[in-house]
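Just so we're aligned: 83 in numbering that gives the first Met the number 0 is position 84 of the sequence shown, and the numbers increase by one with no gaps anywhere. Here the structure comes first, spelled out in C-alpha cells, and everything after it is commentary.
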Amino acid sequence: MSTKNNYVNVKLTLANLRNVMDRIVSLSKWIKLLIVFLALLQASSYCGTMVFGEFQAGEYVLTIDWWGWFSSYLAVDFGSPWQAIVQSLYDAGFHPGFILGSVEILPYLFIYYFLYQLFTLYQQGQVFTPGNFRCLSNIALVFLAWILLSLFYPMIIAFSLHFSGTSSAVPVYFSLGSQELKYALFGMIFYCVAWVMQHATELQQEAELTI
C-alpha cells in the first residue's frame with residue numbers, strides 16, 4: 000500500500016513540476032519581449048534626446064509636440080559624479096552627450112543582453128544549468144565594471160583633453176557617491192543569486208547521477 004502511495008506522490012510531484020515549467024516557459028516568452036521593448040525604448044529615446052534635445056541645467060531635454068493632441072517630455076540627466084564634468088565640457092564647447100552619454104548607456108545594454116540570454120534558457124526549460132549561473136554572474140560583473148566606469152571615466156576624459164592640448168578647462172576630479180554604492184549592492188545581489196544557482200545546479204547533477 001505504501002509503495003502505491005509513494006508512486007502516486009511521485010506522479011503528482013512530476014505533474015506539478017511540469018506545470019511549473021510550463022508556466023516558466025510561457026512567462027519567459029513575454030519577459031523576453033518586454034526586455035527587447037525596454038532596450039529599444041531606452042536606446043531610441045536616449046539617442047534621440049542626445050541628438051535633438053537641448054542642454055539645460057546639466058541635462059538634455061527633448062519636448063515632442065504630437066500635432067497639438069499631447070506632448071512628450073524626455074530628459075536625460077547624468078549621475079551626480081558626472082554633473083561637474085558635464086557642465087565643464089559644455090562650457091568648453093564640447094557635446095557632453097556624445098562624450099559621456101554614449102558610454103553611460105552601455106551598461107544598460109549589456110544588462111538587457113544578459114537578461115535576454117537568461118530568459119532564453121528559462122524558455123528552453125533550463126533552470127538550473129551552468130548557463131544560468133554565467134548570465135547572472137555576468138550581470139554582477141557589469142555592475143562592477145559600472146562602478147569603475149563611473150569613478151574613472153571622467154578622469155580619463157579630462158586627462159585626455161589636457162594632454163592633447165584640446166582643453167585645460169575641464170577639471171580632473173575623483174568622486175565616490177551613493178550611485179557607486181548602489182551599483183555595488185546590485186552587483187552583490189546578482190552574484191549571490193548566481194552563487195546559489197551554481198550550487199543548486201551541482202546538487203541537481205549529483206541527484207541525477209545518484210538516481
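Beta carbons are placed, not taken as given, at the ideal position from N, Cα and C, and that holds for glycine.
By how many angstroms is the C-alpha of residue j removed from the C-alpha of residue i?
i    : j    : result
T128 : Q197 : 8 Å
I188 : A139 : 8 Å
L99  : V85  : 8 Å
G57  : D76  : 7 Å
D21  : W29  : 13 Å
F54  : Y152 : 21 Å
T119 : K31  : 7 Å
N131 : Y111 : 15 Å
W68  : G186 : 43 Å
A183 : W81  : 18 Å
L135 : L40  : 23 Å
H161 : E179 : 26 Å
A193 : A144 : 17 Å
L61  : G124 : 43 Å
K3   : V141 : At K3 the pLDDT is 48, less than 50, meaning the model places this residue with poor confidence; the figure from the coordinates comes in the next sentence. Near 51 Å, if we compare the C-alpha coordinates of V141 and K3.
If you follow the alpha helix (DSSP H) that residue i is in, where does it begin and where does it stop?
i    : result
I138 : 129-162
I84  : 82-90
I110 : 105-122
Name the two residues that bound the continuous beta strand (DSSP E) containing residue i.
i    : result
F54  : 53-55
F97  : Here F97 belongs to no beta strand (DSSP E), and DSSP marks it neither H nor E.
F69  : 69-76
V126 : First-last for V126: undefined, no H or E at that position.
Within 10 angstroms of its Cβ, does residue i collect 16 or more other Cβ (buried), or is it exposed?
i    : result
I155 : exposed
S177 : exposed
L26  : exposed
A74  : exposed
I34  : buried
G92  : exposed
S70  : exposed
Next item on the list: Evaluate the contact criterion for the region 132-150 versus the region 100-108: three or more CB pairs, one atom per stretch, below 8 Å.
Entry: yes
Next item on the list: Count the CB pairs spanning the region 37-55 and the region 106-113 that are closer than 8 Å, and state whether there are at least three.
Entry: yes
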